[in-house]
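Report on one structure; see the data block that follows.
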């Protein structure tokens, strides 16, 4: 006699759901999420054998390793970011062509015509910046906890390869918008490849497909970014993560030294739920950041004939740019670009690779590693100093007039003048020379007065370099909805009169 | 690591993300509209900068041109007579084409890189947007008048006569093509040769008023009054 339909359906549903949940029956699933202990044999362990995704995660972690303040979930975060970058990257790929004629306009199209276009792009950029930072912090954490020592030394080396892959990812993606920021950062960077002895020019040719950054270079950087590096990442990350699961995350040095058996925290359900929680929280943080304050920059169209003032490399390469600014040694016998741009960074990377094999101290405890930890602290401080040196603040200041104009009335980027509203731009000639009182007595809008006072203060700082200086800011209506702002500086030195003018045009629709 | 707490917080976070995305979606059309307007505004501002470097030398700092030599661009009726020279495209296309390919007979160089000039197509587009921005009502002080490059009256013309008025009109409207001595140039035939002088007054009135299809002789009847045209004819007769 056949069983009633209801029973047969329930039985079929049970079997189907059990296979969907990789061997956990609905009853066992319910038990798990209710926090009840599993029966014997433990059905939750089977999940890690049946399912591909759960096979990649360990069945359990030692409790001391799960503490957030031990690893700060940095390794986990970099995987999360890689997924976010992959998804947003694929979406962006739908709307992007790596052609110098259209790439920039594809960016404008994404920002102005595609729903969620700006969100995707900002998420991608934010993910990229966070990725580089988190990967470097992860390396720092592994260094501090001495986890790179045997038996994990090979995995550290794989990790350094992953670091290079991450840097290359970020750098190759940097060029793709084909704006001034991208074009000049990459032009400066690739020109350093030229300094490699013997094979430098060939390396540059390989990277750029030609003598300069152009269509061929853009296509190659695009291929590197969307095919070469993702494949390399998949392979190297596979190795890296396999070793992490096989060898286990290293215990905190103090716990390891004690030798006590640590309590086991099962992955299912505790750590799975924590994973899901972190996915949700990290996504929320990124979405909120992108909605409120984070915006991916887009400057003017790439212009090979105009180098913007203060062009810099991306922030994670500023340390190399700082190195290059150091004075030439060997009296110029060896090209500074080679020493500081190739040799020293190469040495640093080489040391990173070789670290676990150079470090003969088998102990991971802090008291036994004082020298190494001090060295690490020095290295971090040195990196910070070099990064600051790479910024425009060090040694590449232009003439004071140009610096003033760049800060207050730039024509190729956002400056102080762009903070004002359209209604604040009252037409007139404003004397902002040091000591002039016109600004204080004027009845111009308040925000404009604040701007003029800030400008006057900045002019006052430069009073020494601009003797007998007269500085005026002029606002005129140039066309419908278009105003022109002129900064004129006249000064005298050695009996010669000098004049300086920089002006910019502001359209009503571009400011709020 | 409480499972329940994490489940609740995680679920709330997911709901919040979905809610935020829905809110973002609601505002997307408005954001994209303002973004597009901002991009167009930036185009005009960039065009203004480029105009300073490339165009102001001939067309004047405020687009006022040089009467009879280089067209003023700050006028409200730019090339409304373009159909007279058999151009049926939009004003945008007409301006972009002139900038890109130039106008050899009028000493307008070609600016786009495909025609040997220094500008990319998007830079030509920025300049076009800037010139187009002169269309429509403008605030005070924008439409600056151009310099009138009119020489003094020749000795055989009395001031105040129709021929004297015709002299002024000739130099603002005709000299650019027909030459400052009315003897013709690449752009327009002589008006003082014996063959031309043999034509009667109606021939001149007709040609000036209605233009000459198939050539670049504009339809001056839409710009000059019939008295103006009489004055010009009177002036021309004094030169023939």
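Protein chains in written order, with this note's numbering: chain Z, 1 to 512; chain A, 1 to 240.
For each residue, glycine too, the CB sits at the ideal point set by N, CA and C.
Predicted, not measured: the structure shown is a model, and the values here were computed from it.
If residue i sits next to residue j, beta carbons under 8 angstroms apart, how far is it from one beta carbon to the other, in whole angstroms?
{"i": "residue 470 of chain Z", "j": "residue 485 of chain Z", "result": "Not really, about 17 angstroms apart at Cβ, beyond 8 angstroms."}
{"i": "residue 302 of chain Z", "j": "residue 411 of chain Z", "result": "Wrong, their Cβ atoms sit about 16 angstroms apart, outside the cutoff."}
{"i": "residue 509 of chain Z", "j": "residue 38 of chain A", "result": "5 angstroms"}
{"i": "residue 191 of chain A", "j": "residue 105 of chain A", "result": "Not really, about 17 angstroms apart at Cβ, beyond 8 angstroms."}
{"i": "residue 317 of chain Z", "j": "residue 189 of chain Z", "result": "7 angstroms"}
{"i": "residue 341 of chain Z", "j": "residue 329 of chain Z", "result": "No, residue 341 of chain Z and residue 329 of chain Z are not in contact; Cβ-Cβ is about 14 angstroms, not under 8 angstroms."}
{"i": "residue 353 of chain Z", "j": "residue 79 of chain Z", "result": "Between residue 79 of chain Z and residue 353 of chain Z the Cβ distance is about 22 angstroms, and since that is not below 8 angstroms, they are no contact."}
{"i": "residue 277 of chain Z", "j": "residue 6 of chain A", "result": "4 angstroms"}
{"i": "residue 517 of chain Z", "j": "residue 121 of chain Z", "result": "Because residue 517 of chain Z is not part of the residues shown, which for chain Z are 1 to 512, the question remains open."}
{"i": "residue 119 of chain Z", "j": "residue 84 of chain Z", "result": "Actually they are not in contact, since the Cβ atoms of residue 119 of chain Z and residue 84 of chain Z sit about 12 angstroms apart, beyond 8 angstroms."}
{"i": "residue 99 of chain Z", "j": "residue 215 of chain Z", "result": "7 angstroms"}
{"i": "residue 166 of chain Z", "j": "residue 132 of chain Z", "result": "6 angstroms"}
{"i": "residue 430 of chain Z", "j": "residue 473 of chain Z", "result": "5 angstroms"}
{"i": "residue 480 of chain Z", "j": "residue 137 of chain A", "result": "7 angstroms"}
Using C-beta distances below 7 angstroms, list every residue in its chain close to residue i, excluding the 5 sequence neighbours before and after it, in chain order.
{"i": "residue 168 of chain A", "result": "150"}
{"i": "residue 126 of chain A", "result": "43, 46, 47 and 50"}
{"i": "residue 453 of chain Z", "result": "439"}
{"i": "residue 62 of chain A", "result": "74 and 144"}
{"i": "residue 391 of chain Z", "result": "312 and 318"}
{"i": "residue 307 of chain Z", "result": "184"}
{"i": "residue 219 of chain A", "result": "81, 84, 210 and 211"}
Going by beta carbon distance, what residues of the same chain come within less than 8 angstroms of residue i, once the five residues before and after it are set aside?
{"i": "residue 161 of chain A", "result": "234"}
{"i": "residue 56 of chain Z", "result": "241 and 245"}
{"i": "residue 349 of chain Z", "result": "160 and 164"}
{"i": "residue 153 of chain A", "result": "159, 164 and 167"}
{"i": "residue 162 of chain Z", "result": "135, 233, 236, 237 and 240"}
{"i": "residue 217 of chain Z", "result": "175, 186, 190, 207, 208, 209 and 210"}
For the beta strand (DSSP E) that contains residue i, what are its first and last residues?
{"i": "residue 496 of chain Z", "result": "496-507"}
{"i": "residue 515 of chain Z", "result": "Past the edges of chain Z, shown from 1 to 512, lies residue 515 of chain Z, and the structure says nothing about it."}
{"i": "residue 253 of chain Z", "result": "Residue 253 of chain Z -> not in any beta strand (DSSP E); alpha helix (DSSP H) instead, spanning 253-258."}
{"i": "residue 428 of chain Z", "result": "428-431"}
{"i": "residue 61 of chain Z", "result": "60-62"}
{"i": "residue 79 of chain A", "result": "Where residue 79 of chain A is concerned, there is no enclosing beta strand (DSSP E), given that its DSSP letter is neither H nor E."}
{"i": "residue 34 of chain Z", "result": "Taken as a continuous stretch (DSSP letters only), residue 34 of chain Z belongs to no beta strand (DSSP E), as it is neither H nor E."}
{"i": "residue 489 of chain Z", "result": "482-493"}
Check for me: the alpha helix (DSSP H) holding residue i runs from which residue to which?
{"i": "residue 226 of chain A", "result": "226-239"}
{"i": "residue 40 of chain A", "result": "3-54"}
{"i": "residue 183 of chain Z", "result": "180-193"}
{"i": "residue 205 of chain Z", "result": "200-208"}
{"i": "residue 151 of chain Z", "result": "Where residue 151 of chain Z is concerned, there is no enclosing alpha helix (DSSP H), given that its DSSP letter is neither H nor E."}
{"i": "residue 199 of chain A", "result": "First-last for residue 199 of chain A: undefined, no H or E at that position."}
{"i": "residue 12 of chain Z", "result": "5-20"}
{"i": "residue 478 of chain Z", "result": "First-last for residue 478 of chain Z: 470-479, but that is the beta strand (DSSP E), not the alpha helix (DSSP H)."}
{"i": "residue 79 of chain Z", "result": "74-93"}
{"i": "residue 304 of chain Z", "result": "Looking at the DSSP string, residue 304 of chain Z is not in any alpha helix (DSSP H), and its letter there is neither H nor E."}
{"i": "residue 237 of chain Z", "result": "229-247"}
What does a CB cutoff of less than 6 angstroms around residue i pick up in its chain, not counting 5 residues either side in sequence?
{"i": "residue 466 of chain Z", "result": "491"}
{"i": "residue 156 of chain Z", "result": "148 and 356"}
{"i": "residue 113 of chain Z", "result": "none"}
{"i": "residue 365 of chain Z", "result": "253 and 257"}
{"i": "residue 500 of chain Z", "result": "401 and 489"}
{"i": "residue 99 of chain A", "result": "111, 124 and 127"}
{"i": "residue 310 of chain Z", "result": "392"}
Comparing the C-beta of residue i with each C-beta of chain D, is any distance below 8 angstroms?
{"i": "residue 422 of chain Z", "result": "No chain D appears in this structure, whose protein chains are Z and A."}
Could you please tell me which residues of the region 483-501 of chain Z, in chain order, have their CB closer than 9 angstroms to any CB of chain A? Within the region 483-501 of chain Z, the qualifying residues are 484.
Measuring CB atoms only, is the region 42-53 of chain A touching the region 123-137 of chain A, in the sense that at least three cross pairs come out at less than 8 angstroms? Short answer: they touch.
Is the region 164-183 of chain Z touching the region 281-293 of chain Z, taking contact as three or more C-beta pairs under 8 angstroms? At 8 angstroms Cβ cutoff, the stretches do not touch.
Closer than 7 angstroms, Cβ to Cβ, to anything on chain Z: give me those residues from the region 159-172 of chain A, in chain order. none
Along the region 348-379 of chain Z, where does the CB come closer than 8 angstroms to a CB of chain A? Name the residues. For the region 348-379 of chain Z, which is checked against every Cβ of chain A, not one residue is closer than 8 angstroms.
Just by C-beta distance, which residues in the region 79-112 of chain Z are closer than 9 angstroms to chain A? Correct list: 101, 104, 105, 108, 111 and 112.
Should the region 447-462 of chain Z be called in touch with the region 111-123 of chain A, which here means at least 3 C-beta pairs below 8 angstroms? no
Within 8 angstroms of chain A by C-beta, residues of the region 15-38 of chain Z in sequence order: Within the region 15-38 of chain Z, the qualifying residues are 33 and 35.
Would you call the region 137-145 of chain Z and the region 373-383 of chain Z touching, i.e. three or more CB-CB distances under 8 angstroms? yes
Mind listing which residues of the region 293-310 of chain Z have their C-beta closer than 8 angstroms to chain A's C-betas, in chain order? 300 and 301
Contact between the region 248-264 of chain Z and the region 46-65 of chain Z: three or more CB pairs below 8 angstroms? yes
Under 7 angstroms, CB to CB, which of the residues in the region 114-129 of chain A have a partner in chain Z? Per Cβ criterion, the list reads 122.
Could you name the residues of the region 45-79 of chain A whose beta carbon sits closer than 9 angstroms to any beta carbon of chain Z, in the order they occur along the chain? 45, 46, 47, 48, 49, 52, 62, 63 and 74
Check whether the region 43-54 of chain Z touches the region 17-33 of chain Z, taking contact to mean three or more Cβ pairs, one atom from each stretch, closer than 8 angstroms. For the pair of segments examined, the region 43-54 of chain Z was found to touch the region 17-33 of chain Z: the number of CB pairs separated by less than 8 angstroms reaches three.
Which residues of the region 81-95 of chain A have a Cβ closer than 8 angstroms to any Cβ of chain Z? Give them in chain order. Within the region 81-95 of chain A, no residue places its CB atom closer than 8 angstroms to a CB of chain Z.
Taking a Cβ distance cut-off of 9 angstroms, strictly less, list which residues of the region 466-480 of chain Z are near chain A, in chain order. 476, 477, 478, 479 and 480
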